[in-house]
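Number of protein chains: 2
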Amino acid sequence: MELPLYLKIVEDIVKDIKSGTLQPGDALPSENALCDAFRASRMTVRKGLAILANEGYIKSIPGKGNFVTTPNIEKYTLFYNEMTNLINSVDKTQLLGVDIIQPTDNLLKSLNITGNKKVIVIKRLFFTDGDPVAYDLKYLVYHKGMPIVEKEIKHETFPGMVSKFASLFTIKKELTISAQLPSAEVKKLLSLHSTVPMLVVEQKFFNAENKPIGIGTTSFRGDYCQLFASSSFSDFS
Amino acid sequence: MELPLYLKIVEDIVKDIKSGTLQPGDALPSENALCDAFRASRMTVRKGLAILANEGYIKSIPGKGNFVTTPNIEKYTLFYNEMTNLINSVDKTQLLGVDIIQPTDNLLKSLNITGNKKVIVIKRLFFTDGDPVAYDLKYLVYHKGMPIVEKEIKHETFPGMVSKFASLFTIKKELTISAQLPSAEVKKLLSLHSTVPMLVVEQKFFNAENKPIGIGTTSFRGDYCQLFASSSFSDFS
DNA sequence: CAGTGGTCTAGACCACGTG
DNA sequence: ACGTGGTCTAGACCACTGA
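One line per chain: the protein sequences are A and B, in this order.
Read in order, the letters of the first sequence are residues 46 to 282 in this note's numbering.
Read in order, the letters of the second sequence are residues 46 to 282 in this note's numbering.
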């Protein structure tokens, strides 16, 4: 063991929490007590506690103490990329069209814009092993100088497109996942003969002022796409 | 402004990153330089930098410096609870059956157990507004003393069941989301006449030794369920 | 070698909560 | 008044990187 002292503190307390010695709601020993117990300075103890708080193990209440939390059992981390989330990644894309349109009323509402703005529409098909497996439709609020070069659009993911004209650090993203039956259009584009359910993922992007800057809808053949998410409690090895 | 100094440092640097003054890959001023710039001690500067690193803005490389990172644009946070993720929450549940069975080969494989263990099977229906909207099937590796009382099982979520005999802090969870057509059985149980796609969420739980302790599959009527996920870059207000 | 970040200390003062 | 956590300082020594 040549772990830094603050990590030893973290490990020790995590062990107590995982074993049940410390239960949710229980108070940890006071910081001064921990200083004595681990023969550490208060800053070192607090560094360890900060990590525990960050990992979601404890919560500090000023004037009272540090308390073991009830873990958030509903939280998962999901990695989504419309090009690689298929069971096999997308190996070919087909650009069906790029247009600049006058937004419809529905779009105006979804994008929360006024009528004098224009919208870029991008329609694509994704292929794996020669089969069309997803239909991808994106709407981006048009600003002058935005790249609408086919080459640049064809293989880009949605965040990739958006990053061309906005800082990724300021963008907020939302996903909506649902199961739907394909529309007649999608059915035709994906050459679906029998009834295949679609996994539909809608991406919505917002700028720093919380205004929508784009909406993307990707309809995956249900038999070609699965999304994975996992709880991420960090480990200390 | 009466923010603590370390948060002012965080805000200042975040502002520079969001505005593009600091680009991904750029090096921040050295910690000593930041001490001078903010008239702060090194521990205070480092506290700010630790937050920035935690939020995913920067990465420290010993001996070299602190560098602005390329944000992970594919990461989302998903909150999932099989009872509340419906467009309207579950307002009634029906327990179809609780059994202790000899696992089938498929189950043995999925749960990674040997044949001498038994498995609890729980089958439920979820209702909203009187309509059956989801079929819920769970397999839990049986251990002596596990609660299989109907009352306790009927309204519990999967994490709720598991927490009865395992510390939530040690559990790893995985979700798999897919779109499927209902089986004949599900179709009958949910009284589905026309073709309705199902949003199927599989939950898999692992104990501290990474061994599966349970699998749950919830099949939601596609027209009654949507999953939401969002990017969570924290704000400093 | 000088400069960088990583760990750690022994103090200090403050605001908060409880008696 | 006292103990709690929250902020902050001015040092120290170490390991790593690059010229």
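Every residue, glycine too, gets a C-beta built ideally from N, C-alpha and C.
Source: prediction; values computed, not measured.
Three-way DSSP call (helix, strand, coil) for residue i in this model
i         : result
Met-206/A : helix
Glu-127/A : coil
Arg-91/A  : helix
Val-178/B : strand
Ser-64/B  : helix
Phe-214/B : helix
Ile-106/B : strand
Ser-155/B : helix
Glu-47/A  : coil
Leu-170/B : strand
Glu-201/B : coil
Glu-247/B : strand
Asn-77/A  : helix
Asn-111/B : strand
Lys-233/A : helix
Ser-282/B : Unreliable positioning characterises Ser-282/B in this predicted model, as indicated by a pLDDT of 28, which lies under 50. A coordinate reading is not provided.
Ile-118/A : coil
Ile-132/A : coil
Gly-142/B : strand
Ala-85/B  : coil
Val-194/A : coil
Gly-160/B : coil
Tyr-269/A : helix
Glu-219/A : strand
Proximity below 8 Å, CB of residue i to CB of residue j
i         : j         : result
Leu-152/B : Val-164/B : yes
Ala-98/B  : Lys-104/B : yes
Phe-265/A : Leu-244/A : yes
Arg-169/B : Thr-138/B : yes
Val-113/B : Asp-71/B  : yes
Ala-85/A  : Ile-62/A  : no
Asp-136/A : Phe-172/A : yes
Phe-124/B : Glu-254/A : no
Gln-271/B : Gly-267/A : no
Ala-274/B : Leu-220/A : yes
Lys-199/A : Leu-140/A : yes
Val-194/B : Ile-258/B : no
Asp-174/B : Asn-111/B : no
Ile-222/B : Ser-155/B : no
Lys-26/A  : Asn-161/A : Any answer about residue 26/A is impossible in this case: the structure gives chain A only from 46 up to 282.
Pro-242/B : Pro-242/A : yes
The ligand ZN heavy atom lying under 7 Å from the CB of residue i
i         : result
Gly-205/B : Because no ligand of any kind appears in the structure shown, any question about the ligand ZN cannot be addressed here.
Cβ shell of residue i (< 8 Å), same chain only, five flanking positions each side left out
i         : result
Arg-87/B  : Glu-76, Asn-77, Cys-80
Lys-218/B : Pro-204, Gln-248, Lys-249, Phe-250, Phe-251
Thr-122/A : Ala-274, Ser-275, Ser-276, Ser-277
Leu-73/B  : Ile-58, Leu-67, Leu-79, Leu-94, Ile-103, Gly-110, Asn-111, Phe-112, Val-113
Leu-131/B : Phe-171, Thr-173, Val-178, Ala-179, Phe-265, Tyr-269, Cys-270
Thr-159/B : Leu-153
Tyr-51/B  : Ala-85, Thr-89, Val-90, Lys-92, Gly-93, Ile-96
Val-207/B : Leu-185, Leu-213, Ile-216, Phe-250, Ile-258, Gly-259
Close-in-space but distant-in-sequence residues of the same chain around residue i (CB under 7 Å, 5 per side omitted)
i         : result
Ser-279/A : Any reading at Ser-279/A must be qualified, since the residue scores a pLDDT of 46, below 50, and its modelled position is unreliable; no value is offered.
Pro-116/B : Gly-101
Glu-230/B : none
Ala-82/B  : Pro-74
6 Å CB neighbourhood of residue i in its chain, flanking five on each side removed
i         : result
Thr-263/B : Glu-127, Ala-179, Asp-181, Val-246
Buried versus exposed call for residue i [16 or more other C-beta atoms within 10 Å across all chains shown]
i         : result
Thr-202/A : buried
Gly-11/B  : Only positions 46 to 282 of chain B appear in this structure, which leaves residue 11/B out of reach.
Gly-291/A : Outside the modelled stretch of chain A, which goes from 46 to 282, sits residue 291/A, for which no answer is possible.
Ile-58/A  : buried
Pro-107/B : exposed
Ile-216/A : buried
Ile-167/B : buried
Phe-281/B : Residue confidence is low: Phe-281/B scores 36 on pLDDT, short of 50, so the model does not pin down where it sits. Its coordinate-derived value is still stated next. By the neighbour-count rule (16 or more Cβ atoms within 10 Å), Phe-281/B is not buried but exposed.
Leu-235/B : buried
Pro-49/B  : exposed
Notebook entry, point to check: When Cβ atoms are compared, which residues of the region 70-104 of chain B fall closer than 8 Å to chain A?
Noted result: Result list: Met-88, Ala-95, Asn-99, Tyr-102.
Quiz prompt | Cβ-based contacts, 7 Å cut-off: residues of the region 150-162 of chain B near chain A | solution = Correct list: empty, as no residue qualifies.
Mind checking the region 199-229 of chain B against chain A and listing, in chain order, the residues whose C-beta falls within less than 7 Å of any C-beta there? Residues Pro-204, Ser-212, Leu-213, Phe-214, Thr-215, Lys-217, Lys-218, Glu-219, Leu-220, Thr-221, Ile-222, Ser-223, Ala-224, Gln-225, Leu-226.
Under 7 Å (Cβ pairs) to chain B, residues found in the region 105-119 of chain A: Within the region 105-119 of chain A, the residues whose Cβ lies closer than 7 Å to some Cβ of chain B are Pro-116, Ile-118, Glu-119, listed in chain order.
Residues of the region 248-263 of chain B with a CB closer than 8 Å to any CB of chain A: list them in chain order, please. For the region 248-263 of chain B, which is checked against every Cβ of chain A, the residues closer than 8 Å are Ala-253.
At a CB distance below 8 Å, what residues from the region 120-151 of chain B approach chain A? Give them in sequence order. Lys-120, Tyr-121, Thr-122, Leu-123, Phe-124, Tyr-125, Asn-126: these are the residues of the region 120-151 of chain B whose beta carbon lies less than 8 Å from some beta carbon of chain A, given in chain order.
key: Against chain A: residues of the region 56-68 of chain B by CB proximity under 7 Å   = Within the region 56-68 of chain B, contact with chain A at the beta-carbon level (separation under 7 Å) is assigned to Ile-62, Lys-63, Gly-65.
Worksheet entry | Interfacial residues, the region 170-181 of chain B to chain A, with Cβ spacing under 8 Å | For the region 170-181 of chain B, there are no residues whose beta carbon sits under 8 Å from a beta carbon of chain A.
Original post:
the region 236-248 of chain B: which residues have C-beta closer than 7 Å to a C-beta of chain A, in chain order?
Top reply: Within the region 236-248 of chain B, the qualifying residues are Thr-240, Pro-242, Met-243, Leu-244.
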